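Asks: In the UniProt record's numbering, the protein residues as written are 1 to 95.
All C-beta atoms, glycine included, are put in the ideal place defined by N, C-alpha and C.
It should be emphasised that the depicted structure is a prediction, and the values quoted were computed from it without experimental measurement.
1) Between the C-alpha atoms of residue 48 and residue 60, what's the straight-line distance to the nearest angstrom?
2) Could you give the distance in angstroms between the alpha-carbon of residue 25 and the alpha-carbon of residue 76?
3) I'd like the list of long-range same chain contacts for residue 34, defined as Cβ closer than 7 Å, with 5 residues on each side in sequence excluded.
4) Among 43, 51, 23, which one has its Cα closest to the Cα of residue 32?
5) Report the rounded CA-to-CA distance for residue 80 versus residue 20, giving the unit in angstroms.
6) Tell me the rounded alpha-carbon separation between residue 78 and residue 23.
7) Is the Cβ-Cβ distance between residue 53 and residue 39 less than 8 Å?
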């Protein structure tokens, strides 16, 4: 599904509809400046410990790019248009 081009995606059958995909990256809700300030107040003479503590809190491995931090969620959505109500026709046979 991920490899398909969704711009012109056709659904089989009588019902028409759309399929869309969205990918969002959610950053963790940690206020880094507040944590950094508190750590520097307590460990001002040990900057490497402050760096290690910040990386441990945010789950960043040493040497890893900090721009890629966050959780990626992918949502696939299928919307099908409502079909018109079916009408039944009764046929009466006279024998």
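Replies: Working from what's here:
1) Counting from one through the chain shown, the residue named residue 48 turns up at place 48. Counting from one through the chain shown, the residue named residue 60 turns up at place 60. Using only the alpha carbons, I get a separation of about 15 Å.
2) Locating residue 25 in the chain shown gives position 25, counting from the first residue. Locating residue 76 in the chain shown gives position 76, counting from the first residue. Rounded to whole angstroms, residue 25 to residue 76 spans 15 Å at the Cα level.
3) In the chain shown, residue 34 corresponds to position 34, counting from 1. For residue 34, where only same-chain residues beyond five positions count, there are no Cβ hits under 7 Å.
4) Position 32 of the chain shown, counting from 1, holds the residue named residue 32. The candidate whose alpha carbon is nearest that of residue 32 is 51.
5) The sequence position of residue 80 within the chain shown is 80, counting from 1. The sequence position of residue 20 within the chain shown is 20, counting from 1. Those two C-alpha atoms are separated by around 12 Å.
6) Numbered from its first residue, the chain shown carries residue 78 at position 78. Numbered from its first residue, the chain shown carries residue 23 at position 23. In a straight line, the C-alpha of residue 78 is about 15 Å away from that of residue 23.
7) Sequence index remark: in the chain shown, residue 53 carries index 53 (1-based). Sequence index remark: in the chain shown, residue 39 carries index 39 (1-based). Yes.
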